[in-house]
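Residue numbers (this note's numbering), protein chains in the order written: chain L, 1 to 478; chain R, 1 to 335.
Backbone N, C-alpha and C fix where the C-beta goes; we use that ideal spot for every residue, glycine too.
One structure is given below, encoded as structure tokens.
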Amino acid sequence: MVKMNQVGSVNAFDEMHGFDGVTRSQYLDVAKHLLSLPVDSLGQKQRDAELLFRRMGITFAVYGAAAEEERLIPFDVVPRVFGAQEWQRLEAGLKQRVKALNMFLHDIYHDREIIKAGVIPAEQVLGNSMYCAAMQGVDLPNQVYAQIAGIDLVRVAENDFYVLEDNLRTPSGVSYMLENRNTMMRLFPQLFTQHTVRPVAHYPQLLLQTLRESAPAYVENPVIVVLTPGAYNSAYFEHAFLASQMGVELVEGKDLFVSGHKVYMRTTQGPQQVHVIYRRVDDDYLDPLAFKPESMLGVPGLFDAYCHGGVALTNGVGTGIADDKSTYLFVPQMIEFYLGEQPLLSNVPTWRLDRPDDLSYVLEHLPELVVKEVQGSGGYGMLVGPTSAKAEIEAYRARILKNPAGFIAQPTLALSTCPTMVESGVAPRHVDLRPFVLSGKEIRLAPGGLTRVALAEGSLVVNSSQGGGTKDTWVLEE
Amino acid sequence: MLSRTADHLFWMARYIERAENTARILDVAHRTAMLPDEDEGAVARLWFAPLNICGSAEGYEKKYGLVEAGNVTRYIALDPDNPSSIYSSLMQARESARAVRGAITTEMWEIINSMWLDLKRMLPSLDQANLDGFFDWVKERSHLFRGVTLGTILKDDALYFIRLGTFLERADNTARILDVKYHILLPSVADVGGAADYYQWGALLNSVSAQEAYRKIYRDSITPMRVAELLILRADMPRSLHACLNEVDSTLEVINGSTGREARRLAGELHAALHFTRIEDVFAHGLHEYLTDFLARTHQLSNEIHDAYLSLKDDKIPGGIRPDRFQLQLQSTSP
Chain L
1 MVKMNQVGSV
11 NAFDEMHGFD
21 GVTRSQYLDV
31 AKHLLSLPVD
41 SLGQKQRDAE
51 LLFRRMGITF
61 AVYGAAAEEE
71 RLIPFDVVPR
81 VFGAQEWQRL
91 EAGLKQRVKA
101 LNMFLHDIYH
111 DREIIKAGVI
121 PAEQVLGNSM
131 YCAAMQGVDL
141 PNQVYAQIAG
151 IDLVRVAEND
161 FYVLEDNLRT
171 PSGVSYMLEN
181 RNTMMRLFPQ
191 LFTQHTVRPV
201 AHYPQLLLQT
211 LRESAPAYVE
221 NPVIVVLTPG
231 AYNSAYFEHA
241 FLASQMGVEL
251 VEGKDLFVSG
261 HKVYMRTTQG
271 PQQVHVIYRR
281 VDDDYLDPLA
291 FKPESMLGVP
301 GLFDAYCHGG
311 VALTNGVGTG
321 IADDKSTYLF
331 VPQMIEFYLG
341 EQPLLSNVPT
351 WRLDRPDDLS
361 YVLEHLPELV
371 VKEVQGSGGY
381 GMLVGPTSAK
391 AEIEAYRARI
401 LKNPAGFIAQ
411 PTLALSTCPT
421 MVESGVAPRH
431 VDLRPFVLSG
441 KEIRLAPGGL
451 TRVALAEGSL
461 VVNSSQGGGT
471 KDTWVLEE
Chain R
1 MLSRTADHLF
11 WMARYIERAE
21 NTARILDVAH
31 RTAMLPDEDE
41 GAVARLWFAP
51 LNICGSAEGY
61 EKKYGLVEAG
71 NVTRYIALDP
81 DNPSSIYSSL
91 MQARESARAV
101 RGAITTEMWE
111 IINSMWLDLK
121 RMLPSLDQAN
131 LDGFFDWVKE
141 RSHLFRGVTL
151 GTILKDDALY
161 FIRLGTFLER
171 ADNTARILDV
181 KYHILLPSVA
191 DVGGAADYYQ
201 WGALLNSVSA
211 QEAYRKIYRD
221 SITPMRVAEL
231 LILRADMPRS
241 LHACLNEVDS
251 TLEVINGSTG
261 REARRLAGEL
271 HAALHFTRIE
281 DVFAHGLHEY
291 LTDFLARTHQ
301 LSNEIHDAYL
311 SLKDDKIPGG
321 IRPDRFQLQL
331 QSTSP
């Protein structure tokens, strides 16, 4: 227990109470109208929420679990609240970061100025398995590669946020941002009557606008579709949800075919051309002719059509080179290089284990650090030193020694906490935040994001696949 | 609309309708079983009929052998191994709905999803004693689904394919119920008018919610020919073959696009035949033969609909691709 407290609640910044226990002004309404309710009736609201989610079918599948198993991501009724000004600062930082990341991608797949200038070593890019050589010289609408970016943020103090990770491939979770708000409005209508919480429900319209702007330049009124791997994908609910919110077709690979560098969908009225594909299928599975030949999810010839400008894919192909955990280290330099600005959002200090000095420091301090695989995602395959048993740490040490370049390490951050309903009542639990940044002809985001919460006491792992839950995220009007 | 989406909508509607009809068939069997039995053979015939109507006789025989009330009911209502059980129908309806979540309204999805979740919850406590309530529940949910569908969905191709599924399935089921019941109930056409007969035919009418309609229209005792007329030829009787084909025919007319000419022709032909046939002609031809022929033709119609609208094959772009919306706009605005 003592060990947990070192990383856990004791010295963490609390979203509601700060460091000193005084309720922060943005939480006054929540304290007055929600947390003043008896624990029993809060618990009842929590159960009502679960019922709503189950009825709406907002479930997700877990890789490796039985095929028909559908789980709910636990929803917590206590919202996470941002004041108007702190959000403004975050928003500016997010836009800056995503802009630089897209400029980086365009540069890498064209003139590689940043390598020529010696800011990023060539082998970091060209030797990276995420680099997609076939994208070299391909021109994309708006020179944007990651139209939809999910940036994971954590907070350690009133004004200290860190970017934990950039997600530029097929980031998911935005449907929870929308449905969490929906659910809160159904459960606590009185909380919203004063209109101080900025709405997020227009996100699908922002997304649609972004997708329209991403169409090949010659198309005036683009036909847009959402491409899903299918009903058994863990994020299928979200794919269907977004398609229906935007009023566009939800297609699977088998609904599409390519002819003459153009893409068509099979409809009850014959083939219809498609101009923009919001694809939620990974690069590797997009096109069996260009990537994994065994992929059943993709569309033969799609990549070729894309390279010829016959169709737009969002996100673009090859974005993995920019959100890779080893490229992450260079993002602050990218911002300076492309924008001539100081980064508004900081990176977490990171040790690269391919560097001998970093490696020996990390190996000496494993019990204090968080170690991650460079290619990993979803909270799998990481070591959280302070909450791991000695044997786990030693086993991980052996993995590191086998391939140091495959790992990075970071200090164990005291992630901020937020009051959360747990079995014993309301207690602080660690949270992070994933806002969704949209890039078309301009950069847009809805005020909010997905707040994930680690429900186990002292736990820092917020991933839904690892027992994390979600909260509604409020941004207050000024 | 995507062919795959249309396919799922069509089958979602068929499976819901199938679940409802299966519940109706079992409900009637249960009610009939409460009448005094004549002999062992009659009981076996009574319980064999639902197996026959639902196309489950072969599967049942493999699993249980002898026909027995409890086993038949369980097999047709609740058995996941039986692909046409109520359980399987609701599961497949929900799987189809799930695959096209975006094409149906939230309210429709909530009904279909909660129907499935409730069924799974009720399953352990269902037995012979409370099955009446279960059959009513299935019917009510199906009514609710239809009502929610009409009350919430946009009147476009999605609704049309749902309606095609509903009415083709219903036509198929009504024809089967009539065919099988007729065989059991009518050893000889002359043998009419007994009290048992009255209850038996009454039960058949009940199974398709036609008892009240019969009384209103004929105001007379129940005769096989009138029952057949009501369920085959009366256009104003919602579960009759004529009413179903009315819907199928008019729905095919409003589906967008120029595909499906053969399906339209077939539906028109079937519909016209029902419109102009007299019940005396049907009986002269033989009711069983008539219904067998009808089932074959609706099956063919279903196949035509599949080929024209629902299948994924054929990558070939025909001579010209249907111009998409913006091209159409360009054409219409150019001088």
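Straight-line gap, residue i to residue j (C-alpha atoms, nearest Å)
i, j, result
"residue 150(R)", "residue 144(R)", "10 angstroms"
"residue 340(R)", "residue 249(L)", "Given a span of 1 to 335 for chain R in the structure shown, any question on residue 340(R) remains unanswerable."
"residue 128(R)", "residue 455(L)", "44 angstroms"
"residue 139(R)", "residue 20(R)", "5 angstroms"
"residue 459(L)", "residue 387(L)", "8 angstroms"
"residue 34(R)", "residue 26(R)", "13 angstroms"
"residue 53(R)", "residue 267(R)", "23 angstroms"
"residue 312(L)", "residue 163(L)", "29 angstroms"
"residue 68(L)", "residue 117(R)", "For residue 68(L), the pLDDT reaches just 47, beneath the cut-off of 50, and the residue's location in the model is therefore unreliable, although a value from the coordinates is still provided. The alpha-carbon atoms of residue 68(L) and residue 117(R) are separated by roughly 13 angstroms."
"residue 235(R)", "residue 181(R)", "21 angstroms"
"residue 10(R)", "residue 156(L)", "53 angstroms"
"residue 55(R)", "residue 263(L)", "42 angstroms"
Simplified DSSP state of residue i, which is helix, strand or coil
i, result
"residue 396(L)", "helix"
"residue 480(L)", "Residue 480(L) lies beyond the residue range present for chain L, which begins at 1 and ends at 478; the question has no answer from this structure."
"residue 1(R)", "coil"
"residue 470(L)", "strand"
"residue 147(L)", "coil"
"residue 163(L)", "strand"
"residue 244(R)", "helix"
"residue 273(L)", "strand"
"residue 66(L)", "Note that residue 66(L) scores 44 on pLDDT, short of 50, meaning its location in the model is unreliable and no value can be drawn from it."
"residue 342(L)", "coil"
"residue 459(L)", "coil"
"residue 249(L)", "strand"
"residue 8(R)", "helix"
"residue 265(L)", "strand"
"residue 278(L)", "strand"
"residue 443(L)", "strand"
"residue 3(L)", "Per-residue confidence for residue 3(L) stands at a pLDDT of 28, beneath the threshold of 50, marking its modelled position as unreliable; the derived number appears in the next sentence. DSSP places residue 3(L) in helix when its eight states are reduced to three."
"residue 477(L)", "coil"
"residue 14(L)", "strand"
"residue 20(L)", "coil"
Proximity winner among the options, relative to residue i (alpha-carbon distances)
i, options, result
"residue 274(R)", "244(R), 223(R), 84(R), 178(R)", "244(R)"
"residue 361(L)", "397(L), 231(L), 89(L), 196(L)", "397(L)"
"residue 58(R)", "5(R), 129(R), 82(R)", "82(R)"
"residue 31(L)", "74(L), 241(L), 245(L), 80(L)", "80(L)"
"residue 442(L)", "357(L), 287(L), 71(L), 141(L)", "141(L)"
"residue 424(L)", "40(L), 308(L), 27(L), 111(L)", "40(L)"
"residue 111(R)", "13(R), 230(R), 79(R), 216(R)", "13(R)"
"residue 255(L)", "298(L), 233(L), 196(L), 218(L)", "298(L)"
"residue 116(L)", "391(L), 222(L), 337(L), 381(L)", "337(L)"
"residue 237(L)", "210(L), 173(L), 472(L)", "173(L)"
"residue 18(R)", "87(R), 65(R), 70(R)", "87(R)"
Chain R residues whose Cβ lies nearer than 7 angstroms to that of residue i
i, result
"residue 255(L)", "2, 4"
"residue 269(L)", "256, 257, 259, 322"
"residue 382(L)", "Result: empty, since nearest Cβ-Cβ is about 33 angstroms, beyond 7 angstroms."
"residue 207(L)", "The premise fails here: residue 207(L) is roughly 14 angstroms from chain R at the closest Cβ pair, so nothing lies under 7 angstroms."
"residue 186(L)", "The contacting residues do not exist; residue 186(L) stays about 13 angstroms from chain R at best."
"residue 265(L)", "2"
Under 9 angstroms by beta carbon: chain R residues contacting residue i
i, result
"residue 281(L)", "None at all; the shortest Cβ gap to chain R is about 16 angstroms."
Chain-ordered chain L contacts of residue i [CB-CB under 7 angstroms]
i, result
"residue 99(R)", "231"
"residue 102(R)", "240, 243, 244, 250"
"residue 309(R)", "268"
"residue 157(R)", "268"
"residue 110(R)", "55, 56"
Closer than 9 angstroms at the beta carbon, the chain L residues around residue i
i, result
"residue 113(R)", "54, 55, 56, 57"
Contact set between residue i and chain L, taken where Cβ atoms lie within less than 8 angstroms
i, result
"residue 164(R)", "The contacting residues do not exist; residue 164(R) stays about 11 angstroms from chain L at best."
Do the segment 312–332 of chain L and the segment 95–105 of chain L touch if we need at least three Cβ pairs shorter than 8 angstroms?
yes
Would you say the segment 253–271 of chain L touches the segment 118–135 of chain R, given that touching needs at least three Cβ pairs under 8 angstroms?
no
Counting pairs of Cβ atoms below 8 angstroms between the segment 101–109 of chain R and the segment 74–81 of chain R, do you hit three or more?
no
Would the segment 337–344 of chain L and the segment 185–193 of chain L be scored as touching if the rule is three or more Cβ pairs under 8 angstroms?
no
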